[in-house]
Each structure stands twice: as structure tokens, then as C-alpha cells.
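Structure first, commentary second.
Numbering (the working numbering), first residue to last: 875 to 940.
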């Protein structure tokens, strides 16, 4: 059964959330951009690597089946 949360607790919870978020040290935009580019580049390299392995196995199996 649903219970209603008193407004005081509701406000207190979100006040605590706001306090914790104010303590967070957010990264600089340049750091975010640099790390995002690194992730994109590594993801592209891995996709190409896995794709080439898949292509190679496909061709190998086609050769073996013929």
C-alpha cells in the first residue's frame, strides 16, 4: 500500500541532494571534450578490429563451405 511522505521529509531529502551536488568537483569542459574524443577514437578502433575479425571469419567459413 502506498504511503504519503510528509512534505518536511520530501523537502529535507532534496535539500540534502542539493547540498551533495554542491560538493561535487565537476571536470573542466576541455577535459570532458578530450576524454570524450579518446572514448570515440578507441571505440572506432575496436569496432574496426572486431569488424575485420568478423569479416575474416565469414570469408573463411564461406571458403570452407564451398
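We treat Cβ as the ideally placed atom computed from N, Cα and C, and that holds for glycine.
(1) Within its chain, find whatever has a CB closer than 8 angstroms to the CB of residue 878; leave out the 5 residues flanking it on each side and keep chain order.
(2) To the nearest angstrom, how far is the alpha carbon of residue 938 from that of residue 915?
(3) By the DSSP assignment, the alpha helix (DSSP H) with residue 940 in it spans what residues?
(4) In terms of residues, what are the limits of the alpha helix (DSSP H) holding residue 898?
In brief:
(1) none
(2) 35 angstroms
(3) Under the DSSP assignment, residue 940 falls outside any alpha helix (DSSP H); it carries neither an H nor an E label.
(4) Counting along the chain, residue 898 falls outside any alpha helix (DSSP H), and DSSP gives it neither H nor E.
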